[in-house]
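These notes are about the structure you will find just below.
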Amino acid sequence: MIRRQARERREYIYRKNQEAQERQTYERKQKLKDALASGKQLPTELKKDAADLGKVMTMDESQAEPTTHIDDEYSRAGIMDPKIVITTSRDPSSKLLQFAKEMRLVFPNSTRINRGNYVVKELADACRANDVTDLVVLHEHRGVPDALIVSHFPHGPTLYFSLHNVGLRHDIATYSQSTVSEQYPHLIFEGFTSKLGKRVMDALRYLFPVPKPDATRVMTFANENDFISFRHHVFAKTSHKEVQLAEVGPRFEMKPYEIRQGTIEQATADKEWVLSHYTRTAKKRRQL
C-alpha cells in the first residue's frame, strides 16, 4: 500500500514537472501563429526556432491547451460525489465543536470526527484508505474559529484560509424557526475573475455534489477585496417572479493565504501560491 502510494506520487510529480515545458512550447506556437495571422514581424526570441515550430504547427492545428495536473486533481468531479471528513485542531473549545457540527451540515456527504490524539499523518492515511476526497480541518484562537484548511486527496492541492466574523446558526435571528436542509445545494460564485480566483473557486465548488434542478438550497461565495463571504440560504417561491430568502447559517468571511500542491501531511510539498503581506503594494494588490 505504501509502495503504491509512493509510486503514484512519483508519477504525479513527474507529470507535473513536464507541464512547464509543454506550456512554454504551446505559448511559443501561439505567438508564432498570431504573428503569421496578423502579418507582423516575428518576435526576436522566435526567429531562431521559427522554422522548426512551423513544421510542428502543421501537425497540431486543432490542438487544445495542454493538460495540467489541475485536470487530474479533479478528474472524478461530477462523476462521483465528494466524500468529506471534517475535524478540528487538538483540544477544541465548545464553540469550535459547535462550528464543526454546523459545517458538517453545510457539506453534503460529510462526516465529522473527533480529533482526539490523532496526528495529521494518521488522518491523511485514514482518508486515503477510505476513499475520502477532501479533509477539512478547523482551527481556533481563544475560542474563536480563525482558520480553515481544505486538503484534496489523493495528491492535493491543500488550501489554507483565515476565517473572520464567524457567526454560528445560534447567533442568527431566524435560528429558532429554521431547519437545515439536506438537499444538494446550488452554488453562487461572484467575483472570481483571475487565474488564482478560478483555482480557489474550483477547489471550493468540488466540495459539493451536483444539485438537482428543483433544489431550494443555495450556497453563496462572494469575493470582495480578496475576502470571500460565505452565506447559506434556502428559498421559497412566493409568486411567479419573486422568491423569499431565509438565511440558515453559519456565516463567515474567509481569505486564502496559501496553496500547496501536496496533501496536508506533506510539509515539503511545493507552494503553488503564498500571500505576500510585507510588500509595498500588498494592500493595493487584488489576488482573486
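Quick note on numbering: the sequence shown equals residues 1 to 288 in the UniProt record's numbering.
No residue lacks a Cβ here, since even glycine has one placed at the ideal position from N, Cα and C.
All of these numbers come straight from a predicted model, not from anything done at the bench.
The C-alpha of residue 203 lies about 37 Å from the C-alpha of residue 43. Runs of the beta strand (DSSP E) lying entirely within the segment 65 to 123 and spanning at least 3 residues, in chain order: 84 to 88 and 110 to 112. Between the C-alpha atoms of residue 229 and residue 145 there is a straight-line separation of about 15 Å. For residue 167, the secondary structure class from DSSP, reduced to helix, strand or coil, is strand. Nearest Cα to residue 262 within the set 184, 129 and 150: 150.
With a 10 Å radius around the Cβ and a threshold of 16 neighbouring Cβ atoms, residue 200 comes out buried.
A Cβ-Cβ contact shorter than 7 Å links residue 265 with residue 120.
Residue 132 is classed as buried because its beta carbon has at least 16 other beta carbons within 10 Å across all chains shown.
Per the C-alpha coordinates, the member of 4, 221 and 208 positioned closest to residue 136 is 208. Within the model, the alpha-carbon separation for residue 163 versus residue 251 is close to 10 Å. Contact between residue 84 and residue 99 fails: their C-beta atoms lie close to 15 Å from each other, not under 8 Å. Contact between residue 259 and residue 272 holds: their C-beta atoms lie close to 4 Å from each other, under 8 Å. Assignment of residue 128 by DSSP, reduced to helix, strand and coil, places it in the helix class.
In the DSSP assignment, residue 222 falls within the beta strand (DSSP E) that extends over 217 to 224. Per DSSP, the beta-bridge partners of residue 237 are 243.
Separation of residue 141 and residue 160 (C-alpha to C-alpha, rounded to the nearest whole angstrom) is 16 Å.
In the displayed model, residue 228 falls within a strand according to three-state DSSP. With contacts defined as CB atoms closer than 7 Å, residue 188 and residue 238 fail to qualify as a contacting pair.
Exclusion of the five residues before and after residue 110 leaves 84, 86 and 104 as the residues of its chain whose Cβ lies within less than 6 Å of its Cβ. Taking 7 Å as the cut-off, the Cβ atoms of residue 155 and residue 12 count as close.
DSSP places residue 260 in the uninterrupted beta strand (DSSP E) bounded by 251 to 260.
In the DSSP assignment, residue 198 falls within the alpha helix (DSSP H) that extends over 195 to 205. Residue 278 carries a coil assignment under DSSP once its states are collapsed to helix, strand and coil. If you look at residue 147, you'll find it in the beta strand (DSSP E) that goes 144 to 152.
Around the beta carbon of residue 88, 16 or more other beta carbons sit within 10 angstroms, so the residue counts as buried. The criterion of a C-beta distance shorter than 7 Å is satisfied by residue 194 and residue 288. The continuous beta strand (DSSP E) containing residue 190 extends over residues 186 to 190.
Look at residue 270 here: in three-state DSSP terms it is coil, with no helix or strand label. Just measuring C-alpha positions, the residue of 240, 233 and 184 sitting nearest residue 215 is 184. Here residue 227 has 164, 253, 254 and 255 as same chain residues with Cβ atoms under 8 Å from its own Cβ, once five neighbours each way along the sequence are excluded.
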